[in-house]
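Chemist: After the structure tokens below, expect a handful of questions from me.
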Amino acid sequence: MDKKFPYFLRYRQFINGVFLLAMVLLFSCEREENYAHPLVHTGEVTEITGDGAVFYGDITRLDDQEILDHGFVWNTQSSPTVNNSFKRSIGPTEGGSFNAKVHAGFEEGTEYFMRAYAVTNQAVVYGRQVSFISKGGLPPEILDFSPKEAWIGDTVIVSGRHFPVRPGDQHFVRFNLHNAKIVQTSDETIKAIIPEELDSLKARIHLNIFNSALSFDDYLSILPPRIDNFLPEKGGNHTTVSIYGDGFHSNNKFNKIFIDSVELEVISSNRNRIQFKPVLEVPHGKHLIRVETLGQSTISQGYFEKTEPWKRLETPPFEPVHLKSFSFTIGDRVFAGNAKTFEFYEYIPAVNVWTRRKDVPFNYEIASYVFSSSTDEIGYLLIRLLSGTVRLYMYSPEDDNWTRLSNYEGVHKYGVHGFTVGNDLYFGVGSYPGGTTPGPAEFWKFEYAENTWIRLADFPFLESWGLKGFTYQDTGYFLGRFPTIEKYGIVRYNHHDDTWEFLLEINEFYALWTPHLAILTLNESIVFMVQESGNHRNHELYGFSPGSNQLDFIGSVALRHGRDFFTMQRGNVGYIGILYNIYDSFDFWQYDHDIPMK
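Structure below.
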């Protein structure tokens, strides 16, 4: 060194050299703390041709550091890293020289920057950066993929050659038209997840990688779904059932669930679970569950048991007709019939069978209405002839016989109704023709023992069309609208002292048309079934207890709106026949009050 060179300049040169060395060490080693790291050297790039190039590197001074991976990274931007560049991974090593013939990830005439790297459990260490001008590279190829059959959401491995992939590159693998998530890449393999959006049982795999569009000729096949189990194993219409397995579609519309032939609404779905709720149309009892995903189906090994207060039964064998159906509950036996076709049947719940009994002794064609009521021993059936006469018939189940009794002695009315107490019939509340009230609201009793009619105290709320009578624990009631007092509610009749009492106002029912009301007088409660306002697929159930004079909401049931109910009951089980749209269709249902609605 020239002794004349100023000392302070020599000192500055020394300081700059130290700073430069520190910067090199800083930028060639990504780490979180100071440690003894291996030294990585990047060699020159050789054999640069249209088929790629050869990279060289060397690792020295391991200092007990385990090399988990090593190789080369390159990019068109300087300082390439494993996080932003093309990479050729060679794997673990114990140090020494290494090289790789790299065929892909190059464009002709483009300058690239390359560095060798080594990965330890503490950091990624890089060698120096070298640059070169590429003459091009080989295009990528697909050789195969596996598995050939899989479920949506499974990982598929695409194998081939010359896969130049940079971290952050997305959507370069598609199954049909749907982009796949990439989970791992190398020069020879790409691992991708079958996309949840896939809506076909066959899928062609496409790669759009480094300006190359590739497709494999074979198709991936989607496996049928699999049911492992479901919980709970029993329940009703309000029960959410979860089916566990594999291969279900994440989109509800590509899954279907069936119990018998009834298709159920899919509430939610993902690959391993789908959920549904049973519906009224599913019969009680044990059923296999069938699931269809993209048209492929599987059936459960176990049985789901339907337990629900509502159970659809076999339609009665007689044809229901508007205002012509009638029913009896005589002791623990239940009967129903059609006054137009003369048909009369007994329903036997234990075997769900209708048995033909003796035909009714008249033809409805000569009548304008029929009314039925029953006691523990007999059934009453009144028919109003076109002439105005109201005939009374009695049915005895002991000898399966009809007997004509004394004609009703009161004035003919519309919407006339009544009830029974003991073996006696109470009847007569209704409205006069034209809706007028020309006289007192007559009310009559038919004394069974004497076969005679006796006029009782007049109905104090004048006439009302559409009231329905019922009996509970030897007491008679009327339910309906009372226009003269502008109330809807329940009136009780005391047959001991021949008096009337307005018992309970029910404002919720005020807009209800009484023909859309069914009443079940069960052992433990009186149940009203009314049409839910504004919802033509639902009915609401209310329980009434005369002892507490309390009306309680029981729940809703998805029965479409109908009219002209006929009802029967045995213990705490009720039976309801519903006529829809007058002449359209007819359903017959069982309601078990002992099973909760929810």
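The numbering of the sequence shown is my numbering, which starts it at -12 and goes up by one.
Glycine included, every Cβ here is placed at the ideal spot set by N, Cα and C.
(1) Consult DSSP for Lys240 and reduce its assignment to one of helix, strand or coil.
(2) When DSSP labels each residue in this structure, what does His90 get in the three-state scheme?
(3) Excluding sequence positions up to five away, which residues of its chain have a Cβ less than 7 Å from the Cβ of Ile129?
(4) Ala323 and Met555 - do their beta-carbons sit closer together than 8 Å?
(5) Who are the Cβ neighbours of Asn481 in its own chain at under 8 Å, not counting the five residues just before and after it?
(6) Indicate the three-state DSSP secondary structure (helix, strand or coil) for Asn494 in the structure shown.
(7) Tell me the DSSP secondary structure of His193 in three-state form.
(8) Are Gly44 and Val27 closer than 8 Å when you measure CB to CB?
(9) Buried or exposed, going by whether 16 or more other CB atoms sit within 10 Å of the CB of Asp174?
(10) Any idea what DSSP makes of His483, helix, strand or coil?
(11) Taking the alpha carbon of Tyr288 as the point to measure from, which residue in Tyr334, Ser256 and Ile230 has its own alpha carbon closest?
(12) Have a look at Ala23 and Thr80 and give me their C-alpha separation to the nearest angstrom.
(13) If you run the structure through DSSP and keep just helix, strand and coil, what is His399?
(14) My assumption, with CB atoms under 8 Å, is that Tyr435 sits in contact with Asn410. Please give the rounded CB distance.
(15) Give the DSSP bridge partners of Gln537, in chain order.
(16) Taking its Cβ as the centre, do 16 or more other Cβ atoms sit within 10 Å of Glu55, making it buried, or is it exposed?
(17) Out of Ser355, Asp131 and Tyr99, which has the shortest C-alpha to C-alpha gap to Lys400?
(18) Name the two residues that bound the continuous beta strand (DSSP E) containing Glu250.
(19) Answer with buried or exposed for Val143, where buried requires no fewer than 16 other C-beta atoms within 10 angstroms of its C-beta.
(20) Note down the Cα distance separating Ile513 from Gln537, rounded to an integer number of angstroms.
(21) Quick check: the Cα distance between Lys327 and Leu368, rounded to an integer number of angstroms?
(22) Provide the residue span of the beta strand (DSSP E) that contains Ala428, from first to last.
(23) Can you list, in chain order, the residues of its chain whose CB lies under 8 Å from that of Thr97, leaving out five sequence neighbours each side?
(24) Between which residues of its own chain and Ser15 is the CB-CB distance below 8 Å, once the five residues before and five after are set aside?
(25) Report all residues from its chain with a CB closer than 7 Å to the CB of Lys311; omit the five preceding and five following residues, and keep chain order.
(26) Please state whether the Cβ-Cβ distance between Ile589 and Leu454 is less than 8 Å.
(27) Could you say which of Ser418, Glu437 and Phe446 lies nearest to Trp431 if we only look at CA atoms?
(28) Val269 and Ile246 - do their beta-carbons sit closer together than 8 Å?
(29) Do Phe42 and Ala87 come within 8 Å of each other at the CB atom, strictly closer than that value?
(30) If we ignore side chains and look at the alpha-carbon of each, how far apart do Pro127 and Ser118 end up?
(31) Pull up the distance between the alpha-carbon of Ser528 and that of Met516, whole angstroms please.
(32) Determine the DSSP secondary structure at His57, reduced to helix, strand or coil.
(33) Tell me, to the nearest whole angstrom, how far the beta carbon of Ile261 is from that of Val253; I am working on the premise that it is less than 8 Å.
(34) For His503, which of helix, strand or coil comes out of DSSP?
(35) Out of Arg343, Leu546 and Asp484, which one is the CA nearest neighbour of Leu504?
(36) Excluding five sequence neighbours on each side, which residues of the same chain lie with their C-beta closer than 8 Å to the C-beta of Val170?
Modeler: Inspection of the coordinates gives the following:
(1) helix
(2) coil
(3) Val145, Gly147, Leu194, Leu201 and Phe203
(4) yes
(5) Thr462, Trp487 and Glu488
(6) helix
(7) strand
(8) yes
(9) buried
(10) coil
(11) A small correction: the amino acid at residue 288 is Gln; Tyr does not occupy that position in the sequence shown. If we check each option's Cα against that of Gln288, Ile230 comes out closest.
(12) 17 Å
(13) coil
(14) 4 Å
(15) Ser532
(16) Checking the sequence shown, residue 55 turns out to be Leu, not Glu. Leu55 is exposed by the Cβ-count criterion.
(17) Ser355
(18) Val249 to Leu251
(19) buried
(20) 11 Å
(21) 13 Å
(22) Element bounds for Ala428: n/a, residue is neither H nor E.
(23) Thr63, Ile120 and Ser121
(24) At Ser15, the pLDDT of 45 sits below 50, so the modelled position is not reliable; the number obtained from the coordinates is stated separately. So the qualifying residues of the chain are Val27, Val112, Tyr113, Gly114 and Arg115.
(25) Asn325, Ala326, Lys327, Tyr351 and Val357
(26) Outside the shown range of the chain (-12 to 585) lies residue 589, about which nothing can therefore be said.
(27) Phe446
(28) yes
(29) yes
(30) 23 Å
(31) Reading off the sequence shown, one finds Leu at residue 528, where the question assumed Ser. Whole-angstrom Cα-Cα distance: 5 Å.
(32) strand
(33) 6 Å
(34) helix
(35) Leu546
(36) Thr142, Lys178, Ala179 and Ile180
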